[in-house]
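According to the working numbering, the sequence shown is numbered sequentially starting from 40.
No residue lacks a Cβ here, since even glycine has one placed at the ideal position from N, Cα and C.
Computed from a prediction, not measured in an experiment: that's the story for all the values here.
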Amino acid sequence: MALITTKHLLADAYRNRYAVAAFAVHNLELMKAVVEAAEESGAPVILQTTPATIRYAGLGTIVAMVRAAAEGAKVPVALHLDHGDTFETVVRCLRAGYTSVMVDGSRLPFAENAAFAAKVTEAAHAVGVPVEAELGTIGGAEEDVSGEEGLTDPGAAEEFVRRTGIDFLAPAFGTAHGVYKGEIRLDLSRLESISRRVGIPLVMHGASGVPEELLRRAIARGVSKVNFSTELKQAFAKHLRTYLADHPGEIDPRRMLLPAREAVKQVAKRKIELVSGVVP
40 MALITTKHLL ADAYRNRYAV AAFAVHNLEL MKAVVEAAEE SGAPVILQTT PATIRYAGLG
100 TIVAMVRAAA EGAKVPVALH LDHGDTFETV VRCLRAGYTS VMVDGSRLPF AENAAFAAKV
160 TEAAHAVGVP VEAELGTIGG AEEDVSGEEG LTDPGAAEEF VRRTGIDFLA PAFGTAHGVY
220 KGEIRLDLSR LESISRRVGI PLVMHGASGV PEELLRRAIA RGVSKVNFST ELKQAFAKHL
280 RTYLADHPGE IDPRRMLLPA REAVKQVAKR KIELVSGVVP
């Protein structure tokens with residue numbers, strides 16, 4: 040089937056209190072692994088790329104690969120820009136065929152972040168593409184943001200959504216990108232309050248490494264899209280290193296990459312089944 044928008048995917052997830060898994064795909068191997076995992080799980084999936092991945096692989100190459108995968112897939116597939124950093128990047132992705140975009144002005148002052156998100160929303164909605172934006176600080180795990188510093192204020196979230204017209208909000212409630220250090224503490228009461236006040240699907244960034252029960256509790260409080268990246272990269276690197284150590288004379292990249300791709304598929308499948316409520 041053709042690439043689809045995330046608008047209706049997340050609206051259904053929000054109504055029925057499950058989530059759609061979204062995975063960072065940096066190359067062909069990760070993309071194929073994730074799509075195969077989604078097909079085996081019988082659940083929709085979101086493939087997403089950051090501006091850094093676009094620079095690495097090329098915008099046209101990414102869109103062509105994902106579009107081909109979607110057309111051959113038995114489940115709905117969406118292509119999402121993650122952490123779009125400039126208006127120009129967003130427009131390039133819209134023109135290329137992305138079916139969902141995220142604009143990240145979270146490090147800007149509130150008014151500038153809102154203005155940036157509103158500008159992107161106007162452009163994206165004109166071509167039928169939904170918009171995700173971030174409010175608060177969802178930093179790297181190594182940044183060690185503690186207490187309430189950087190967490191999203193529910194009242195500010197309500198005002199932000201009203202000003203911008205965004206479709207989905209990524210709030211900061213204790214998650215972080217990358218590898219967590221120490222105990223993971225999510226402010227679920229804050230998340231629930233944000234959900235009540237904004238009334239739109241919420242997005243959880245930094246979900247790699249978060250215990251399953253915490254993920255379920257976050258989804259029950261309005262999270263409708265859950266982003267994963269680090270655990271896929273860890274699985275890929277671990278199995279690639281193992282294969283190369285066990286087969287030092289191998290020169291065929293296809294043989295090298297297949298075990299790593301299979302490992303990524305198994306991780307992605309577990310995540311999809313967890314957040315979507317699919318019973319294995």
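Classify residue i as buried or exposed, calling it buried when 16 or more other Cβ atoms lie within 10 Å of its own Cβ.
i    : result
D121 : buried
T138 : buried
N152 : buried
L241 : buried
E127 : exposed
H47  : exposed
R224 : exposed
A16  : Because the chain in this structure spans residues 40 to 319, residue 16 falls outside the shown range and cannot be described.
G97  : exposed
G186 : Because G186 sits at a pLDDT of 43, beneath the cut-off of 50, its placement in the model cannot be relied upon, and the point is left open.
R229 : buried
G111 : exposed
L147 : exposed
L271 : buried
E171 : buried
V168 : buried
Report back the beta-carbon spacing between residue i and residue j to the nearest angstrom; my notes put them in contact at under 8 Å.
i    : j    : result
E68  : R300 : 5 Å
A117 : I85  : 5 Å
L208 : L174 : 6 Å
A82  : S315 : 4 Å
V249 : A274 : Wrong, their Cβ atoms sit about 16 Å apart, outside the cutoff.
I258 : R56  : 6 Å
M70  : A108 : 6 Å
N266 : M243 : 7 Å
V102 : A135 : 5 Å
For residue i, I'd like the list of residues in its chain whose CB is within less than 8 Å of its CB, leaving aside the five on either flank, ordered along the chain.
i    : result
E251 : L313
V129 : L120, G123, V140, V142, V159, A162 and A163
S268 : F62, A63, H216 and S247
M104 : L67 and M70
L133 : V140, A162, A163, V166 and V168
Excluding the 5 residues preceding and the 5 following residue i in the sequence, name in chain order all residues of the same chain whose CB lies nearer than 6 Å to its CB.
i    : result
A52  : A58, V59 and S263
T89  : D121 and H122
S232 : P193
A50  : none
E197 : R236 and V237
Look up residue i in the DSSP assignment and say whether it is helix, strand or coil.
i    : result
E270 : helix
S145 : coil
S139 : strand
V242 : strand
F212 : coil
G248 : coil
L49  : helix
A172 : strand
L98  : helix
G189 : coil
A103 : helix
G167 : coil
A156 : helix
A112 : coil
G194 : helix
L120 : strand
A180 : Its pLDDT being 42, under 50, A180 is placed unreliably by the model, and the measurement read from it follows with that caveat. Helix at A180.
Can you give me the Cβ contacts of residue i inside the same chain, cut-off strictly under 7 Å, excluding the 5 residues immediately before and after it?
i    : result
V200 : L208, V237 and I239
D226 : L190, F212 and G213
A76  : K304, A307, K308 and I311
P115 : M40, I43, L48 and P83
Answer with yes or no whether the minimum CB distance from residue i to chain C is below 7 Å.
i    : result
V265 : Included in the structure is just one protein chain, with no chain C present.
Ordered list of beta strand (DSSP E) runs contained in the stretch 58-88, each at least 3 residues
59-63 and 84-88
Curious, which full-length alpha helix (DSSP H) runs of at least 4 residues does the stretch 264-309 contain?
Segments of the alpha helix (DSSP H) lying fully in the stretch 264-309: 269-285.
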